[in-house]
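Engineer: Encoded as structure tokens, here's the structure I'll be asking about.
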Amino acid sequence: MPSSTKPNLLTWAVSTLLLQPWTVNAQVSNSSCGSVIERDVLVIGGGSSGTHAAVQLMEAGKSFAILEKQDELGGYVATYTDPSTNKTMDYGVVVFKNTTTSYNYLTNQLGASMGEFKGFYEGGKTKYLDYTNGNEVSGPVPGANVTEAEQIYLKQMQTYGNLFAGPGFDMPDPIPEDLLLPFGEWVKKYHAEAMAYNVYYLHAGIVLDMTTLNVMKYHSQNEYTTGSLYIQNRGNQALYNLAYSKLGGGENVFLESNIQSLTRSENGVEAIVQRPCGTQTFRAKKVIIAIRPRNSDLKQFLDLRPNEERIFSEFSHIHSYTCILNGTGLPIDTGYQLVDLTRTGGIPMVPEAIGISQSGFRDREARAFWWTTPDEISAEKATSNLLRTAYFVQGLQGAQSPEGERPTINGLVHNSPYFMHPSREAIARGFYKDLYGLQGQLNTFWTGAAWESESSPTIWAFNEKIMIPQILQSLA
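Spelled out as structure tokens, the structure:
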């Protein structure tokens, strides 16, 4: 298994550091605990949202400390390093939409060298296979006009003003009934079934059952109005190596930090943290919680208030597993997507594999491979399910593994909770008004996918336009 993949993680871009983007030796926690550490802001979590928030605090001249459980920054990023060539490819977060916010952050603030994403295998192709019988078909909805369906979808999004073009859930009152419809009903109502599979494939999950509001926030206008950004050396972990250095390394970023308790009051916040050097106390005026607000996780360290626990209990989520697939003998320029022609949009019923990409390398096989389920399962069961699909596709295509090889799963990562979303009933009751009302309570601010979407650029826009201005105002 490649050493560059994150342990115990599971969805979506640089200087001398870019020459070896898979190396994380620069990210080393302080070797000995000192006295109490005091900052303006504590940032809990060093994934996409927390790292970006810390950079913005630094730009604003505020002191901060990131507390990150893993031994490197990056969250759901997963970068694979081929053990024979040291070439890299991404199979977690892969590309970023090219928005003003993302371009400024990645290129100007982090100094990354970015380019356009041209696919896992430039010039490659994709085959659609009928999930029920293995036959090759022309697409998820054969004969349908995908472009026309996407135009219907985009036109409908645009009728809601800035709701699906910018950050936040500033919704009309009452909430339009269309936005509360399950997405599967919405695409039937507007005869847009032909584009539903693209939402499923790009964003995973039980999209047909989710509300149209949440689907449109995730698959927003940015999908149609902006291009894509990809790190030129094909290794998004390098972005977080850059961020680690920019943020002052071990002076401000505390890796392998397990928070024992986080206590909040009107006077500030205090965290008791178990680090490799021992137990250390952190104090700050404010805290940004940049991990996903699942009550079972937060209760392990946070003094949750009843209103917080009640609001977060409204969230449902799915589990997504991603890995690198080697050894199938399938053509490396071809990816495979499974469809079910008996279901709306050709979307298979989960749990099932979402797709197998083309190889990320032009001279050897290494494919991104995704699988999603509504229920948490063991790594062993996830691996078994992924291999079952790999052998299924290999057999359908008449492929043979190279001599001495067989289909193999490498670098399995588990993204959970993923696609946190409330029910239709909760949304109608004013869920997002209540959720956003938590900002600033007990000197606590929140960010991440649950507050915006699973797209990093939209989370960064949420930080810059909503959350960071609020916290800076509270510090003034």
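Under mature numbering (1 follows the signal peptide of the UniProt record, and there is no 0), residues -26 to -1, 1 to 450 are what the sequence shown spells out, in order.
Think of the CB as a built atom: it goes at the ideal place given N, C-alpha and C, for glycine as much as any other residue.
Where DSSP assigns a beta bridge to Q374, which residues make up the other side?
Structural biologist: Here residue 374 corresponds to residue number 400 of the sequence shown, with the count starting at 1. Answer by DSSP bridge pairing: none, since Q374 is not bridged.
Engineer: Determine the direct distance from the alpha carbon of G85 to that of V2, and round the result to whole angstroms.
Structural biologist: Here residue 2 corresponds to residue number 28 of the sequence shown, with the count starting at 1. Here residue 85 corresponds to residue number 111 of the sequence shown, with the count starting at 1. Below a pLDDT of 50, predicted positions are generally treated as unreliable, and V2, at 41, falls in that range; no measurement from the model is reported.
Engineer: G201 and N72 - do their beta-carbons sit closer together than 8 angstroms?
Structural biologist: Position 98 of the sequence shown, counting from 1, holds the residue named residue 72. Position 227 of the sequence shown, counting from 1, holds the residue named residue 201. A contact, by the Cβ cut-off of 8 angstroms.
Engineer: Are three or more beta carbon pairs between the stretch 396 to 406 and the stretch 256 to 272 nearer than 8 angstroms?
Structural biologist: No, the stretch 396 to 406 is not in contact with the stretch 256 to 272.
Engineer: How about N437 and H26: are their beta carbons less than 8 angstroms apart?
Structural biologist: Reading the sequence shown from its first residue, position 463 is the one you call residue 437. Reading the sequence shown from its first residue, position 52 is the one you call residue 26. Yes, Cβ-Cβ distance for N437 and H26 is below 8 angstroms.
Engineer: Considering only residues of the stretch 384 to 408, which uninterrupted alpha helix (DSSP H) runs meet the minimum length of 4 residues and lie entirely inside it, listed in chain order?
Structural biologist: The stretch 384 to 408 contains these whole alpha helix (DSSP H) runs: 398 to 402.
Engineer: Please return the same chain residues whose Cβ sits closer than 7 angstroms to the Cβ of V324, not counting the five positions on each side in sequence.
Structural biologist: Here residue 324 refers to the residue found at position 350 of the sequence shown. Cβ neighbours of V324 beyond the five flanking positions: I180, T346, T347 and P348.
Engineer: Can you tell me which of M63, F228, I285 and Y127 puts its alpha carbon nearest to the alpha carbon of G20?
Structural biologist: Counting from 1 along the sequence shown, the entry for residue 20 is found at position 46. Answer by Cα proximity: F228.
Engineer: Span of the beta strand (DSSP E) holding M63?
Structural biologist: Here residue 63 corresponds to residue number 89 of the sequence shown, with the count starting at 1. Note, M63: beta strand (DSSP E), T62 to D64.
Engineer: Would you mind stating whether G309 and E339 have Cβ atoms separated by less than 8 angstroms?
Structural biologist: For the purposes of this step, residue 309 is identified with residue 335 of the sequence shown, where counting begins at 1. For the purposes of this step, residue 339 is identified with residue 365 of the sequence shown, where counting begins at 1. Going by C-beta atoms, G309 is not nearer than 8 angstroms to E339.
Engineer: Closest to Y218 by CA distance: which of T253, E46, L386 and S294 is it?
Structural biologist: Here residue 218 refers to the residue found at position 244 of the sequence shown. Checking every option, the nearest Cα to that of Y218 belongs to E46.
Engineer: Does the Cβ-Cβ distance between F256 and C297 come in under 8 angstroms?
Structural biologist: The count along the sequence shown starts at 1 and reaches residue 256 at position 282. The count along the sequence shown starts at 1 and reaches residue 297 at position 323. The answer is no: Cβ separation not under 8 angstroms.
Engineer: Which one of Y54, D64 and E426 has the shortest CA to CA distance from H395?
Structural biologist: Position 421 of the sequence shown, counted from the start, is the residue given in the question as residue 395. Closest option to H395, Cα to Cα, is E426.
Engineer: Can the beta-carbon of I306 be found closer than 8 angstroms to that of Q332?
Structural biologist: For the purposes of this step, residue 306 is taken as the residue at position 332 of the sequence shown. For the purposes of this step, residue 332 is taken as the residue at position 358 of the sequence shown. Cβ distance < 8 angstroms, so I306 and Q332 count as in contact.
Engineer: Expressed to the nearest angstrom, what Euclidean distance is found between the alpha-carbon atoms of G369 and D277?
Structural biologist: What you label residue 369 is simply residue 395 of the sequence shown in a count that begins at 1. What you label residue 277 is simply residue 303 of the sequence shown in a count that begins at 1. Cα-Cα distance, rounded: 53 angstroms.
Engineer: Check whether the stretch 22 to 36 and the stretch 428 to 444 are in contact - that is, three or more C-beta pairs closer than 8 angstroms.
Structural biologist: Touching, yes.
Engineer: By how many angstroms is the C-alpha of Q254 removed from the C-alpha of E167?
Structural biologist: Working through the sequence shown from its first residue, we reach residue 167 at position 193. Working through the sequence shown from its first residue, we reach residue 254 at position 280. Approximately 54 angstroms, taken between the alpha carbons.
Engineer: Could you check where the alpha helix (DSSP H) with E124 kicks off and where it finishes?
Structural biologist: Here residue 124 corresponds to residue number 150 of the sequence shown, with the count starting at 1. Looking at the DSSP string, the run of the alpha helix (DSSP H) that includes E124 is V120 to Q132.
Engineer: Can you tell which of V67, I40, K61 and N60 has its C-alpha closest to the C-alpha of V51?
Structural biologist: Residue mapping note: residue 51 aligns to position 77 of the sequence shown, counting from 1. Measuring from the Cα of V51, the nearest candidate turns out to be V67.
Engineer: Would you call the stretch 354 to 366 and the stretch 185 to 200 touching, i.e. three or more CB-CB distances under 8 angstroms?
Structural biologist: No, the stretch 354 to 366 does not touch the stretch 185 to 200.
Engineer: Given 8 angstroms as the limit, is there contact between the stretch 310 to 319 and the stretch 99 to 106, that is, 3 or more CB pairs closer than that?
Structural biologist: With a cut-off of 8 angstroms, the stretch 99 to 106 and the stretch 310 to 319 count as touching, because enough Cβ pairs lie within range.
Engineer: Kindly indicate which residue of E428, N417 and A435 has the alpha-carbon position closest to the one of Q447.
Structural biologist: The sequence position of residue 447 within the sequence shown is 473, counting from 1. Answer by Cα proximity: N417.
Engineer: What is the rounded straight-line gap between the Cα of L449 and the Cα of G8?
Structural biologist: The sequence position of residue 449 within the sequence shown is 475, counting from 1. The sequence position of residue 8 within the sequence shown is 34, counting from 1. One C-alpha to the other measures close to 26 angstroms.
Engineer: Run through DSSP, which three-state label would H26 get?
Structural biologist: Numbered from its first residue, the sequence shown carries residue 26 at position 52. Of the three classes helix, strand and coil, the one that applies to H26 here is helix, per DSSP.
Engineer: Closer than 6 angstroms by C-beta to residue 539: which residues in its own chain qualify, once you throw out the five before and the five after it? Chain order, please.
Structural biologist: Since the first and last residues shown for the chain are -26 and 450, residue 539 lies out of range.
Engineer: Starting from the C-beta of R317, find all residues in its chain whose C-beta is less than 7 angstroms away, skip the five residues before and the five after it, and write them out in chain order.
Structural biologist: Stepping through the sequence shown from its first residue, residue 317 is reached at position 343. Taken in chain order, the residues that qualify are M323.
Engineer: What does the alpha-carbon distance come out to for the pair E182 and L155?
Structural biologist: Working through the sequence shown from its first residue, we reach residue 182 at position 208. Working through the sequence shown from its first residue, we reach residue 155 at position 181. Checking the sequence shown, residue 182 turns out to be Leu, not Glu. Near 10 angstroms, if we compare the C-alpha coordinates of L155 and L182.
Engineer: Determine which residues share a DSSP beta bridge with D277 and list them.
Structural biologist: The count along the sequence shown starts at 1 and reaches residue 277 at position 303. Paired residue(s): none; D277 is not in a bridge.
Engineer: Compute the beta-carbon to beta-carbon distance between M63 and R208, rounded to the nearest angstrom, for a pair I have assumed lies under 8 angstroms.
Structural biologist: Walking along the sequence shown from the start, residue 63 turns up at place 89. Walking along the sequence shown from the start, residue 208 turns up at place 234. M63 to R208, Cβ: 5 angstroms. Contact.
Engineer: Could you tell me which residues DSSP puts in a beta bridge with Q254?
Structural biologist: For the purposes of this step, residue 254 is identified with residue 280 of the sequence shown, where counting begins at 1. Paired residues: V247.
Engineer: Using the DSSP secondary-structure output, state which residues sit across from I18 in a beta bridge.
Structural biologist: Walking along the sequence shown from the start, residue 18 turns up at place 44. BP columns for I18 point to L41 and I263.
Engineer: Just verifying my parser: in three-state terms, what is the DSSP assignment at E438?
Structural biologist: By one-based count along the sequence shown, residue 438 stands at place 464. Correct three-state label for E438: helix.
Engineer: Let's test the definition: count the other Cβ atoms within 10 Å of the Cβ of A139 and tell me whether it reaches 16, buried, or not, exposed.
Structural biologist: On the sequence shown, position 165 is the one that residue 139 refers to. With fewer than 16 other Cβ atoms within 10 Å, it is exposed.
Engineer: Would you kindly check if the distance between the Cβ of Y192 and the Cβ of E428 is under 8 angstroms?
Structural biologist: Translated into the one-based positions of the sequence shown, residue 428 becomes position 454. Translated into the one-based positions of the sequence shown, residue 192 becomes position 218. Result yes, Cβ atoms of E428 and Y192 sit closer than 8 angstroms.
Engineer: Would you say I292 and Y171 are within 8 angstroms of each other, going by their C-beta atoms?
Structural biologist: Position 318 of the sequence shown holds residue 292. Position 197 of the sequence shown holds residue 171. Cβ distance not < 8 angstroms, so I292 and Y171 don't count as in contact.
Engineer: Among Q374, P141 and I383, which one has its Cα closest to the Cα of P431?
Structural biologist: Within the sequence shown, residue 431 is the residue found at index 457, counting from 1. Closest option to P431, Cα to Cα, is P141.
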